[in-house]
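Here the working numbering is used: the first residue of the sequence shown is -6, the next is one more, and so on. Beta carbons are placed, not taken as given, at the ideal position from N, Cα and C, and that holds for glycine. Fair warning: this is a prediction, and the values are worked out from it, not measured in the lab. Report on the following structure.
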Amino acid sequence: MSRRKTERLLNLVICLLATRRPLSAEQIRQAVPGYDRDGDEAFQRMFERDKNELREIGIPIDVVRDPWEDEPGYRIQRESYELPEITLEPDEAAVLGLAAQVWQRASLAEAASGALLKLRAGGVATDRPVGTGALELRVDTRDPAFPALWEAVRDRRVVRFDYRGAGSESVRARTVEPWGVVSRRGRWYLAGFDRDRQAPRAFRLSRITGQVSHAGRPGAVRVPDGVDLKAMVGFPDETSDERIAIVRVRQGACEGVRQLARAVHPGTDGWDEAELAFSDPERLAGWMASLGADVEVVEPPDAREAVIRRLKGALA
């Protein structure tokens, strides 16, 4: 569903909820942004489609026929629209609170927090507030491709993107039917059907370069019955061998890097030298690039080049 249509439907619901008396189609046409004010037939078709879509998702629109009026009126009764009282078992409330914690830094954080606030306002206990515990679970979704791929999985829509294989600098265009986005060992993968290879494949998000584009209409992708996404992520074309990166760290900065480093050697000219264990150059590059001028990757060459690509991309 396009953003324009979503906004129009939302405005229509707000309008019909807020009115104290039924509104005619013409009054709705004038009050709700997004309706064609020039063509009568176009408006009528659009209005009929909108009413049907709202009813299909469970929003009741009442049609009121006043004997003194030529045209029927429309409204939404609050009693029919509002949710019944929500009751959650303690374990269900705990899971909801945990989910909001996990998504705190993800692109879904706003929706998760909003859901918790609405439930609390309705008197539903949702476990302790986010961030008050000593242990805090987080989902790292710094990969730029994550939001577009998550939307594609949700909308069952084919995607295209450029992908760099493991241990290779060559980038190839891929067309994929997305089945799911999965996290494994702190890394995110897209699992789906690779149309170019005509086989199921898993793609590490950190190796996707450039923008992810949608191809075709929503609903075109069918996820096979019984597909095991976690099992699929077990065979991405990658090596899990751990390596050591030598990173120069500005003195008095980057405490997080220092704590995770295997060793930190005092340096000169205001810099120290840290040894960081890593297995994915792109993931390391994303972290180092986010620290700006306070770090410099010295070696290995592929990790250093990955950081330079990130910084050049940001500059462009």
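Which of helix, strand or coil DSSP assigns to residue i
i, result
"residue 141", "helix"
"residue 298", "helix"
"residue 254", "coil"
"residue 262", "coil"
"residue 147", "helix"
"residue 307", "helix"
"residue 42", "helix"
"residue 287", "helix"
"residue 48", "helix"
"residue 249", "helix"
"residue 232", "The pLDDT assigned to residue 232 is 46, lower than 50, so where the model puts this residue is not dependable; a value taken from the coordinates is nonetheless given after this. Reduced to three states, the DSSP call for residue 232 is coil."
Residue i classed as buried or exposed, judged by whether at least 16 other C-beta atoms fall within 10 angstroms
i, result
"residue 142", "buried"
"residue 7", "exposed"
"residue 146", "buried"
"residue 296", "buried"
"residue 218", "exposed"
"residue 226", "buried"
"residue 274", "buried"
"residue 254", "buried"
"residue -4", "exposed"
"residue 251", "exposed"
"residue 183", "buried"
"residue 203", "exposed"
"residue 44", "buried"
"residue 301", "exposed"
"residue 240", "buried"
"residue 61", "exposed"
"residue 171", "buried"
"residue 215", "exposed"
"residue 267", "buried"
"residue 290", "buried"
"residue 185", "buried"
"residue 285", "exposed"
"residue 242", "buried"
Those residues which DSSP pairs with residue i across a bridge
i, result
"residue 239", "268 and 292"
"residue 36", "Answer is none; residue 36 lacks a bridge partner."
"residue 153", "168 and 206"
Endpoints, alpha helix (DSSP H) assigned at residue i
i, result
"residue -4", "-4 to 11"
"residue 216", "Counting along the chain, residue 216 falls outside any alpha helix (DSSP H), and DSSP gives it neither H nor E."
"residue 274", "274 to 283"
"residue 224", "222 to 225"
"residue 18", "18 to 24"
Minimum Cβ-Cβ distance from residue i to chain D less than 8 Å
i, result
"residue 209", "Among the chains in the structure shown there is no chain D, since it carries only a single protein chain."
(Q) My parser needs the alpha helix (DSSP H) runs of 4 or more residues fully inside the region 163 to 214; what are they? (A) none
Q. Fully enclosed by the region 54 to 82, which alpha helix (DSSP H) runs are 4 residues long or longer?
A. 71 to 74
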